[in-house]
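These notes concern the structure reproduced below.
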Amino acid sequence: MTIDCTRCLLSLTVEAGLAAEQALLESICAGERDAAVLAWQPSDRALVMPLRYQRSARFPAVCKALHQQRWPIMFRLTGGEPVPQSPQVINVAMVRRCRLGEPGVDFEWAYLQMGSPWCAWLQAQGVAGADLGPVSAAYCDGRFNVRIQGRKLVGTAQRWRRVRHSSDMAVLVHGAMQFDGDPLDLVTVVNDFQAGIDAPRRFLAERHIALREAIPDFQPQAIGVLLASYPAAGVNSEFSRTSVPV
Amino acid sequence: MQIAIVIPVDLWEDDSEGVMTAWLFNSGDEVDEGDLLAEVMVEKAQYEIIAPSAGVLTIVKHEDEVVIKGAIIATLDA
Numbered sequence: 000m001t002i003d004c005t006r007c008l009l010s011l012t013v014e015a016g017l018a019a020e021q022a023l024l025e026s027i028c029a030g031e032r033d034a035a036v037l038a039w040q041p042s043d044r045a046l047v048m049p050l051r052y053q054r055s056a057r058f059p060a061v062c063k064a065l066h067q068q069r070w071p072i073m074f075r076l077t078g079g080e081p082v083p084q085s086p087q088v089i090n091v092a093m094v095r096r097c098r099l100g101e102p103g104v105d106f107e108w109a110y111l112q113m114g115s116p117w118c119a120w121l122q123a124q125g126v127a128g129a130d131l132g133p134v135s136a137a138y139c140d141g142r143f144n145v146r147i148q149g150r151k152l153v154g155t156a157q158r159w160r161r162v163r164h165s166s167d168m169a170v171l172v173h174g175a176m177q178f179d180g181d182p183l184d185l186v187t188v189v190n191d192f193q194a195g196i197d198a199p200r201r202f203l204a205e206r207h208i209a210l211r212e213a214i215p216d217f218q219p220q221a222i223g224v225l226l227a228s229y230p231a232a233g234v235n236s237e238f239s240r241t242s243v244p245v
Numbered sequence: 000m001q002i003a004i005v006i007p008v009d010l011w012e013d014d015s016e017g018v019m020t021a022w023l024f025n026s027g028d029e030v031d032e033g034d035l036l037a038e039v040m041v042e043k044a045q046y047e048i049i050a051p052s053a054g055v056l057t058i059v060k061h062e063d064e065v066v067i068k069g070a071i072i073a074t075l076d077a
């Protein structure tokens, strides 16, 4: 069966989704493609973070405690801070081959490649006040969140790796959007983790927004319209046959 | 021969500071050319630092230290 990959949303376990993103980056490094985009919705849940959090002396205990709450901890390639993944979240991962040193090609360029179409997609659906920027007291904050009226909708992060036998780079840009449910549910998990490792910061649910607060009848498959606006070709069918054509 | 491992100046365009987020080897370890040695993060973007040659690693900039483009973060004794 041939699937129009730019119009699919995959249902994957968090572990499989993270592995698919890693495979995508590796395919760029191996010279198999120059660009691609992947969208996936977790079929289970996990608190996902960069590996450095493992260094905390309290990590084993908080890992065990969260696992008992059915929030296992997993690690990701991209930077930032802990982010909850659940069936209420849609992930978009874009990989590009590029050449650092060329004017304008850096992390900001990559964030704009991901975030600007996202804002345009929201605006096309009648969502006012969509832009990129920081959101204080939101978890995993950065300068390139997709915001709605100043509240965080999409968190973004990246991974850069040299392309083998080349001076080119491969970049993975990732966006995670809560589309359903109460942001408090996810913020609570991150705050529990923060407390568990004795980190001082806590995050506020009201600084986040789930997409259905802005678009009550949003259906996850509608993300295909966003995917089609990215220049990269879709690759979803390589990772699963459980994709949902739009 | 000692080789300096430097944060490439083209990794990002502005004057942002990065943070050494992970070393995958310890000082004194023997590494091979092409090994992933370390990760540097700036603005939630993780950059991989690859061994430019084989040798024995000496870490200069440790995890959680702030680094700038062009900084020497380690040396390799070939």
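Residue numbers (numbering that gives the first Met the number 0), protein chains in the order written: chain A, 0 to 245; chain B, 0 to 77. Every residue gets a Cβ at the ideal spot worked out from N, C-alpha and C, and that includes glycine. Predicted model only: the values in this text are computed from it and were never measured.
For a Cβ distance threshold of 8 Å, residue set Q45 of chain B lies close to L76(A), ordered along the chain.
The closest CA to that of I49(B), considering only A70(B), V65(B), E62(B), A37(B), is found on A37(B). In this structure F106(A) is in contact with Q157(A), their Cβ atoms being roughly 6 Å apart against a cut-off of 8 Å. Short of 7 Å from the beta carbon of M40(B), and not among the five residues preceding or following it, lie these beta carbons of its own chain, in chain order: G17, V18, T20. F192(A) carries a helical assignment under DSSP once its states are collapsed to helix, strand and coil.
Under a 10 Å Cβ-count criterion, I72(B) is classified as buried, with 16 or more other Cβ atoms of the shown protein chains found around its own Cβ. In the displayed model, I222(A) falls within a helix according to three-state DSSP. Shown here, L46(A) sits in a strand according to DSSP, grouped into three states. Interface criterion not met: the Cβ of D191(A) is under 9 Å from no Cβ in chain B. Here V55(B) has E29, D76 as same chain residues with Cβ atoms under 6 Å from its own Cβ, once five neighbours each way along the sequence are excluded. Residue range 106 to 123 is occupied by the alpha helix (DSSP H) that includes M113(A). The contact set of P83(A) on chain B, defined by CB atoms closer than 9 Å, is empty, because the minimum CB distance reaches about 16 Å. Contact between the region 110 to 122 of chain A and the region 210 to 227 of chain A is present: 3 or more CB-CB pairs across the two stretches fall below 8 Å. Put simply, of R200(A), D140(A), Q148(A) the residue whose alpha carbon is nearest the alpha carbon of N190(A) is R200(A). Contacts between W70(A) and chain B, judged by CB atoms closer than 8 Å, are missing: the closest CB pair is about 22 Å apart. Short of 8 Å from the beta carbon of S228(A), and not among the five residues preceding or following it, lie these beta carbons of its own chain, in chain order: P116, A119, W120. Under the DSSP assignment, I27(A) falls in the alpha helix (DSSP H) whose first and last residues are 13 to 28. With distances taken between CA atoms, S165(A) lies nearest to G30(A) out of G30(A), R142(A), L225(A), V36(A). Under the DSSP assignment, K63(A) falls in the alpha helix (DSSP H) whose first and last residues are 58 to 67. P199(A) carries a coil assignment under DSSP once its states are collapsed to helix, strand and coil. Below 8 Å, enough C-beta pairs join the region 78 to 92 of chain A and the region 40 to 52 of chain A to call them touching: three or more.
If you compare the alpha carbons of P7(B), S15(B), I2(B) with that of R160(A), the shortest gap goes to P7(B). In the structure shown, the three-state DSSP call for Y52(A) is helix. About 5 Å separates the beta carbon of F202(A) from that of V186(A), a gap short enough to meet the 8 Å contact definition.
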